[in-house]
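Input: a single structure, listed below in structure tokens.
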Amino acid sequence: EQVLSRKNTEELKDRFETMANNIPNLAWISDAEGSISWYNDRWHEYTGTNKEQSDGWAWQSFHDPKRLPAVVERWQKAIATEEPFEMVFPLKGADGTFRQFLTRAAPIHDEEGKVIQWLGTNTDITKQKEMERMKDDFMAMASHELKTPLTTIKAYTQIVEMNLREKNDTDSLSLMKRMNSQVNKLTTLIEDLLDVTKMQKGKLIYNEDFFDFNALVREVIDYMQKTSGSHKIKSKIGGAISIFGDNNKISQVIDNLISNAIKYSPGTKEIVVSTHTNEEGVILSVQDFGIGILAKEQKKIFNQFYRVSDERQITFPGMGIGLYICAEIINRQGGKIWVDSKIGKGSTFHVWLPIDHRNVIE
Ligand code: ADP
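Residue numbers for the sequence shown follow the numbering used here, so the first one is 235 and each next one is one higher.
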């Protein structure tokens, strides 16, 4: 029986090693304290080491010294809490260059539930990161290049509009107006794209001062009401309330939420915008009675380029960046944004902003 059991264990070990040596990832096993006792062949190939050179805590010598303390801290925390570990960090290859790896480790328990080992993998994501960077750079360049001719087109349409008005050419003037409104749409789209690229690089500039939040909400509603023939924007806005922040960026958020409310509630006639104030801050709520959002989508819609893609949504144009920009601005202003929604009944987007976010962050 003992011989059989030993043969079984050896067979299992062989099978495990064959599998671990044939995956493209680097893989390893550590003891419960985090000291590594075994690596797969990929690890040895990548680091150019043999078995003796890698045991125990030698893995630290393949890390970027600047990043190592953070890695050790996270690894020790995982060991102490027995929670799975996940982190992206660079590892030095045999040729001396660093590549980025996504590293995951999971605890292995014995029959009593005690952690006896950790099983870890490192996946090379250098190419993926490089592609992401290229995509971001391309987006930044494309939106920047598109903006220049568009600004010129806009200037010319204004001149042509003036000339047509002088000549009293009402037919052409009405066409020109339509062209102007499309040029404005295009400008907004490109400016949104530019904002996203600046946000990614942390380069979006915030010009902050005290301003009357409720007056700003009223101003945006008035403007939006003029451009929307389909919906009546009802409002319940309180008296003057001064908050600290970038009023242009916050008005961009209000504009975006009202535009979405109108866009995603075809066939209905009303949007309700309200504000509430308490000692800590202000809450803005934008309610529509439109198509609504499934519970499982409600968090994802604030992600970059995320659009709900079921058949009810296909007819709505958009790039899925409006709410991402809103969330980014509101977070930077120390606030919160969230949504309550029921399919077929409508959605209410809420924004909470502190009176002065400098007090909240510090
Ligand atoms: P876009 O509207 O350009 O697709 P957004 O970032 O503004 O991008 O919105 C992301 C997604 O969230 C939309 O594609 C839509 O599915 C959903 N959404 C946003 N606002 C509403 C709303 N008021 N009602 C229903 N769905 C909405």
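A virtual CB, placed ideally from N, CA and C, is assigned to each residue, including glycine.
Asked	Found
Pop quiz: G578 and G526 are said to be a contact at Cβ under 8 angstroms. What is the actual Cβ separation, rounded to whole angstroms?	6 angstroms
Using 8 angstroms for Cβ pairs, my map puts I471 next to S508. What's the rounded Cβ distance?	7 angstroms
Considering only C-alpha positions, which residue in the set L238, N242, Y273, A292 is nearest to E251?	Y273
Do you know offhand how far V305's Cα is from N242's?	37 angstroms
Helix, strand or coil, according to DSSP, for R399 in the structure here?	helix
What alpha helix (DSSP H) runs, 4 residues minimum, are completely inside the segment 296–361?	302–315
Terminal residues of the continuous beta strand (DSSP E) containing A261?	260–265
Within 10 angstroms of the Cβ of P303, are there 16 or more other Cβ atoms? Answer buried if so, exposed if not.	exposed
With a CB to CB cut of under 6 angstroms and the five nearest residues on each side skipped, what residues in its chain are close to Y540?	K534, G554
Per DSSP, I270 forms a beta bridge with which residues?	S264, G290
Just to check, is the beta-carbon of A495 closer than 6 angstroms to a non-hydrogen atom of the ligand ADP?	yes
Out of K419, F478, E562, T360, which one is the CA nearest neighbour of V594?	F478
Using the Cα positions of M433 and I313, report the straight-line distance between them to the nearest angstrom.	35 angstroms
Out of curiosity, what's the CA-to-CA distance linking E596 and L587?	Model confidence at E596 stands at a pLDDT of 46, short of 50, so the residue's coordinates are unreliable; what they give is reported in the following sentence. Cα to Cα, the separation comes out at about 15 angstroms.
If you drop the 5 nearest sequence neighbours on each side, which residues of the same chain put their C-beta closer than 7 angstroms to that of L438?	D429, K432
Where do the ends of the beta strand (DSSP E) carrying H465 lie?	First-last for H465: undefined, no H or E at that position.
In the DSSP assignment, find the unbroken alpha helix (DSSP H) run with T283 in it and report its ends.	Looking at the DSSP string, T283 is not in any alpha helix (DSSP H), and its letter there is neither H nor E.
Closer than 6 angstroms by C-beta to Y498: which residues in its own chain qualify, once you throw out the five before and the five after it? Chain order, please.	G524, I525
In angstroms, rounded to a whole number, what distance separates the CA positions of H465 and L557?	21 angstroms
By how many angstroms is the C-alpha of G501 removed from the C-alpha of E514?	38 angstroms
Evaluate L238 with the Cβ neighbour count: other Cβ atoms within 10 Å of its Cβ, from every protein chain shown; 16 or more gives buried, anything less gives exposed.	exposed
On the three-pair Cβ rule with 8 angstroms, is the segment 367–386 touching the segment 275–294?	no
Please state the DSSP three-state secondary structure of F445.	strand
Hey, T315 and F335 are a contact pair by Cβ (cut 8 angstroms); roughly how many whole angstroms apart?	With a Cβ gap of about 22 angstroms, T315 and F335 do not count as contacting.
How would you call I589, buried or exposed, if buried means at least 16 neighbouring beta carbons within 10 angstroms?	buried
Mapping the DSSP letters down to three states, classify I589 as helix, strand or coil.	coil
Let me check understanding here. Comparing Cα to Cα, which of T355, F447, E267 lies closest to R276?	T355
Considering just the uninterrupted stretch of the beta strand (DSSP E) at S476, what are its terminal residues?	476–479
If we count the other Cβ atoms within 10 Å of its Cβ and call it buried at 16 or more, is W291 buried or exposed?	exposed
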